[in-house]
């Protein structure tokens, strides 16, 4: 039900599952395994997989921390969007990539829940995309030292509010990895 014209397709968007981001991530191995399952499901049906990769002072481009985790191998034909801000749309070619593939629905997984995941979810829905968060395929690190809730609570709260989020002409929501299906792409 996207508000974008001629955008009938769905894509899996994997955000920032990089060595440096995932080093201290909550429930890291389970989340990565769920994302790997999603990637396999998408590839099997011909659904586009888009990789988002963050760079910053602690994630310098081409460094080991900047690289995607080895458990998630990228295929050369799968687009990689390079970003420097939380919202994967800001100052990137994500919108152009999605438009080129006629994508109007995003299935979102990755890290960090309280930063790049939330920013991208809101960025997508305000730009007209239907947006589904995979509730057991995103994570964050423990930021309680800075006053944040524990990671499990950050994840649960994000799932709660995105499950009930809405906007005119667009859908939001959550699904678990096992519930996500991709329709075969012609």
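In my numbering, the protein residues as written are 55 to 240.
All residues carry an ideal CB built from backbone N, CA and C; glycine is no exception.
Residue i - DSSP class collapsed to helix/strand/coil
i	result
residue 8	Nothing about residue 8 can be read from this structure; the chain reaches only from 55 to 240.
residue 230	coil
residue 156	coil
residue 149	helix
residue 169	helix
residue 174	helix
Bridge partners - residue i, DSSP secondary structure assignment
i	result
residue 85	According to DSSP, which records beta bridges pairwise, residue 85 is partnered with nothing at all.
residue 68	105 and 163
residue 63	157
residue 136	107
residue 122	72
residue 79	195
residue 92	In DSSP, residue 92 forms no bridge with anything.
residue 113	110
Candidates the options, of which the one nearest residue i by Cα
i	options	result
residue 166	159, 69, 59 and 237	69
residue 312	71, 168 and 158	The requested residue 312 is not part of the displayed model; the chain covers only 55 to 240.
residue 100	114, 213, 66 and 115	66
residue 191	63, 84 and 62	84
residue 121	60, 211 and 71	71
residue 112	205, 77 and 237	77
residue 232	212, 88 and 163	88
residue 140	207, 97, 235 and 175	175
residue 189	143, 148 and 162	162
residue 79	227, 205 and 219	205
residue 227	142, 108, 143 and 187	187
residue 118	74, 220 and 104	74
residue 143	183, 127 and 214	183
Beta-carbon gap between residue i and residue j smaller than 8 Å
i	j	result
residue 82	residue 180	no
residue 133	residue 151	yes
residue 110	residue 138	yes
residue 157	residue 102	yes
residue 125	residue 86	yes
residue 147	residue 135	yes
Proximity test, residue i beta-carbon vs the ligand COA heavy atom, cut-off 7 Å
i	result
residue 194	No copy of the ligand COA appears in this structure; indeed no ligand is present at all.
Considering only residues of the stretch 176–229, which uninterrupted beta strand (DSSP E) runs meet the minimum length of 3 residues and lie entirely inside it, listed in chain order? Counting only unbroken stretches of 3 or more residues, the beta strand (DSSP E) elements lying wholly within the stretch 176–229 are 184–193 and 224–229, in sequence order.
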